[in-house]
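Colleague: The structure that follows is given in the form of structure tokens.
Numbering (my numbering), first residue to last: 770 to 1719.
If you want it as structure tokens, here you go:
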């Protein structure tokens, strides 16, 4: 039987098509075929089957539909469509489903290309593409099915792009033009296709046509998205203009710009990263899997990145195997080993790829403040740094291919090992990943594990009990380890006694049995581990289950359990020794995801709602207070709405700016999780206090996080009726939106200003009007902007520390420079610089010096302008963050004066460095402006070598 989804849904037997009557049955069958050999829950089937809210009888209707399908397909023995809790599974081979054949064909093509056999690679892709008859699942209709079908259609487009790229490498320039013209017409914003078409036209001697393709793309992007073409397209355009030969027609790796300066001493070598967690001492079995992984090790002259997806159920030992094997072989990767936990399955939000990339970049020597914003910039920089290196990268607990792709290197020499409960079919299809599925232990391996834990003499004394223990634990490694560990911890207790409890006790966690959900397997044995804890250990274990973030520090755990940090440290060590938590670094721990769920259930069972809320209140108080102390170290001259956060029982010391930066870096994910948790539980005061102290996200380039946390906190502010806090949250969100040139910035800032006036908060009025003025200035609405800046100057005189007056003078100086009032720009700039210097605000002084330089530049005194710019740049290079303002701006001003003096190549260097800073911070519009200046300057006299400088 042949199932087809690459087009309208069809079922064929031999040469005859078998109709499947009824839209509901077709949708159920399609949903099963989209995830073959995996259980599709009834809830997911309902989402795929009904466009709107499923009816009350949805489950019954779905079961009836499955029965009808079985009858229609002759599946009377239920071998094809199997009932597997909590839904259904279709058991099907690659040869029986067209999209699996397509995926295998694409993977085969990738393998052929990786080995240098380009013609067979093209042939394999063509054969795979011939399976398509039209849009995937054409006509089935529900939104959920359409989204799934769109992912298949995207895979087809990726395959077409691959095929064209390989044909270009084979020199088939003229042959691909017609296909590319059609593809570009159908996908007018897909830059990769435009690169290929420009390459084919240029190589076919049609240079003018290639340039016309670029101009059409640029106009379309500006018109529809307000951005210019990406770096790859612009680079190719410049090469075509210069008539440069291209050694490789298509660069299949993506890059995202210039590597930011890590700002660390050049004479200090970055240590080779070795990030693997500790391997367990008594690893047992998995001989075949270890051999398979060994066979995948990339050879010294390999042609591609080796990607291995290790999948299996929860608790089956994926992480244990991955870490054990990685420790064995990391010596073959002299340039380092990286490790990250993506938290794909567990409490809270999964880790974003950009979070993992941030940690990787820091491990590779990039200063945290120099890590660029945006997933594209971080991924590109990561690929740049690992290019030419031999590194092992272990990506643990992923929940989707999309979560993993940005973490993949782009050049040979590296190996990536991914673990997930998901099959990660997307990686197999599009990245030619090798899939390795981990099952429960074999009987011999399970016996070896248990004997290794309890000792051979006890195993020999009770062979039947050991056999029953293995059977009742379903040979699941986590369950076996905990059960056997309990027996080993109590040498006088018979193994048979443990087995009797396994078989008879009616616990909340269901009995261990073959084929059941591993959560059911773990729950019972975790009860036993918990019963062996002391009162204080059990209490802290339960409290840890209430923590919303991915890991927890000792001081935070102390606050959660009303302990001193010293007491908490002692109990945490005991819990770590019992393998109920695991250490991440010194004084920081995390849960296995199943253990966290178990601890949370225990908290619900043993503690009242008031007790749990009191614990959360203590934890959130600790986070809020520490965040405000750290914020005051980073922003000593700033005013906050929250001036007196409640002090926890044991305040955490943050002595200086460096410690504040380190603490915010470590707690970044926990602070966001705590805020979301507070909002979800209507603990509004905590949410609003927390969001007031998250200004560090701006320094770290976390503009999207700033928007998300402020949006969540806005619910709390509006729900609580605290107008001042609502204004503060709108200000935070508006500032971030304005920085990203988002149209929603102005309404947020205007509303913040109005609310601040209503309650008489001068600080928020000043800040909101300042951001509104900056926004209007960027929109060239200069008269309106000047009105706001004049109001800010009036409000800020004598207010607070004088910082806002300095900011107002600086903004007014910049605006007068825009208006051509150069003497006024100099006067206001000098006032701003003087105030900044008095405050010790070097970042602000750098900005003010740049404003003064613009004034002198406007008068025509470029020598004085250059001197001010160089002073500003020296200060900007010491800035912890915000270098888009403290460094890129004076670089751009300096470039203009240098160009006026005929020092064109120096000017181009400055514009290029400024563009790189803007790109790293995710400010593509500003970066495009710098690139425009660079291209214009390259045509000036004296710029003969400028074309080769970038």
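Ideal Cβ positions, reconstructed from N, Cα and C, are used throughout, including at glycine.
Note that this is a predicted model, so its numbers are computed, not measured.
Give the C-beta separation of residue 950 and residue 966 to the nearest angstrom, bearing in mind that I take them to be a contact with Cβ-Cβ under 8 Å.
Modeller: 7 Å between Cβ atoms; contact.
Colleague: Mark residue 1031 as exposed unless 16 or more other C-beta atoms lie within 10 angstroms of its C-beta, in which case mark it buried.
Modeller: No answer about residue 1031 holds up, because its pLDDT of 35 lies below 50 and its placement is not dependable.
Colleague: Name the one or two DSSP bridge partners that residue 1205 has.
Modeller: Bridge partners of residue 1205: 1079.
Colleague: Would the region 1159-1168 count as touching the region 1482-1501 if we require 3 or more Cβ pairs under 8 Å?
Modeller: No: fewer than three Cβ pairs fall under 8 Å.
Colleague: Three-state secondary structure (DSSP) at residue 857?
Modeller: Reduced to three states, the DSSP call for residue 857 is strand.
Colleague: Buried or exposed: where does residue 1646 fall if 16 or more other Cβ atoms within 10 Å of its Cβ makes it buried?
Modeller: The residue in question, residue 1646, is exposed, as its Cβ has fewer than 16 Cβ neighbours within 10 Å.
Colleague: Once the 5 residues before and after residue 1154 are set aside, which same chain residues still bring their CB inside 6 Å of it?
Modeller: The residues are 1133.
Colleague: For residue 1343, which residues in the same chain have their Cβ closer than 6 Å to its Cβ, ignoring the five residues on either side in sequence?
Modeller: Around residue 1343: 1306.
Colleague: Below 8 Å, how does it come out for the region 880-898 and the region 828-844: are there three or more Cβ pairs, yes or no?
Modeller: Taking 8 Å as the limit for Cβ pairs, the verdict is that the region 828-844 does not touch the region 880-898.
Colleague: On the DSSP bridge list, what partners appear for residue 772?
Modeller: 780 and 866, per the DSSP bridge assignment.
Colleague: Assuming residue 1701 and residue 1003 make a contact with CB atoms under 8 Å, what is their CB distance in whole Å?
Modeller: That pair is no contact at about 10 Å.
Colleague: Compute the distance between the beta-carbons of residue 1574 and residue 1568, then report whether it is under 8 Å.
Modeller: Their beta carbons are under 8 Å apart, which means residue 1574 touches residue 1568 by this criterion.
Colleague: Whole angstroms are fine: how far does the CA of residue 1396 sit from the CA of residue 1387?
Modeller: About 14 Å.
Colleague: Look at residue 1106 and residue 1161 and say whether their C-beta atoms are less than 8 Å apart.
Modeller: Going by C-beta atoms, residue 1106 is nearer than 8 Å to residue 1161.
Colleague: Going residue by residue through the region 1324-1360, where are the continuous alpha helix (DSSP H) segments of at least 4 residues, counting only ones entirely within it?
Modeller: Runs found: 1334-1346.
Colleague: May I ask which residues mark the beginning and end of the alpha helix (DSSP H) holding residue 1088?
Modeller: 1087-1098 is the extent of the alpha helix (DSSP H) around residue 1088.
Colleague: For residue 885, does the count of other Cβ atoms within 10 angstroms reach 16, so buried, or fall short, so exposed?
Modeller: When all chains shown are included, residue 885 counts as exposed.
Colleague: Can you give the beta carbon distance from residue 1313 to residue 1350, rounded, assuming they're within the 8 Å contact cut?
Modeller: Contact holds; Cβ gap of about 7 Å.
Colleague: In the DSSP output, what is residue 786 paired with across the bridge?
Modeller: 781.
Colleague: Tell me, which residues are paired with residue 1188 by DSSP?
Modeller: Residue 1188 pairs with 1079.
Colleague: Is it right to say residue 981 is buried, meaning 16 or more other beta carbons lie within 10 angstroms of its own, or is it exposed?
Modeller: Residue 981 should be labelled exposed.
Colleague: Excluding the five sequence neighbours on either side, which residues of its own chain have a C-beta within less than 8 Å of the C-beta of residue 1712, listed in chain order?
Modeller: So the list reads 1673, 1674, 1677 and 1706, once near-sequence residues are dropped.
Colleague: On the three-state DSSP scale, how would you describe residue 1693?
Modeller: Helix.
Colleague: Taking 8 Å as the limit between beta carbons, can you name the residues of its chain near residue 944, skipping five residues before and five after?
Modeller: So the list reads 936, once near-sequence residues are dropped.
Colleague: Let's see if you can read the secondary structure: which residues bound the alpha helix (DSSP H) around residue 736?
Modeller: Look at the range of the chain in this structure, 770 to 1719, and you will see that residue 736 is not part of it.
Colleague: For a minimum of 4 consecutive residues, which ranges assigned as the alpha helix (DSSP H) are wholly contained in the region 927-973?
Modeller: Within the region 927-973, the complete alpha helix (DSSP H) runs of at least 4 residues are 942-955 and 960-972.
Colleague: Taking 6 Å as the limit between beta carbons, can you name the residues of its chain near residue 1709, skipping five residues before and five after?
Modeller: Same-chain partners within the cutoff: 1673.
Colleague: Given this structure, state the Cα-to-Cα distance separating residue 1691 from residue 1453, to the nearest angstrom.
Modeller: Taking the straight line from one Cα to the other gives about 32 Å.
Colleague: Helix, strand or coil for residue 1276? Go by DSSP, reduced to three states.
Modeller: No answer about residue 1276 holds up, because its pLDDT of 46 lies below 50 and its placement is not dependable.
Colleague: Going by beta carbon distance, what residues of the same chain come within less than 8 Å of residue 1091, once the five residues before and after it are set aside?
Modeller: So the qualifying residues of the chain are 1079, 1163, 1165, 1186 and 1188.
Colleague: With a CB to CB cut of under 8 Å and the five nearest residues on each side skipped, what residues in its chain are close to residue 995?
Modeller: Correct list, in chain order: 1510 and 1694.
Colleague: Which residues bound the beta strand (DSSP E) around residue 728?
Modeller: Given that the chain is displayed from residue 770 to residue 1719, the structure contains no residue 728 and the question cannot be resolved.
Colleague: Take every Cβ of the region 923-933, pair it with every Cβ of the region 823-831, and state whether three or more of those distances are shorter than 8 Å.
Modeller: Too few Cβ pairs lie closer than 8 Å, so no.
Colleague: CB-CB under 6 Å to residue 1622, same chain, minus the five flanking residues each way: which ones, in chain order?
Modeller: The answer, listed in chain order, is 1634, 1637, 1638 and 1662.
Colleague: Over the uninterrupted alpha helix (DSSP H) stretch that includes residue 1630, give me the two end residues.
Modeller: Residue 1630 -> no alpha helix (DSSP H), and no H or E assigned at all.
Colleague: Sorted by chain position, which residues of the same chain lie with C-beta nearer than 6 Å to residue 985's C-beta, five sequence neighbours on each side aside?
Modeller: Cβ neighbours of residue 985 beyond the five flanking positions: none.
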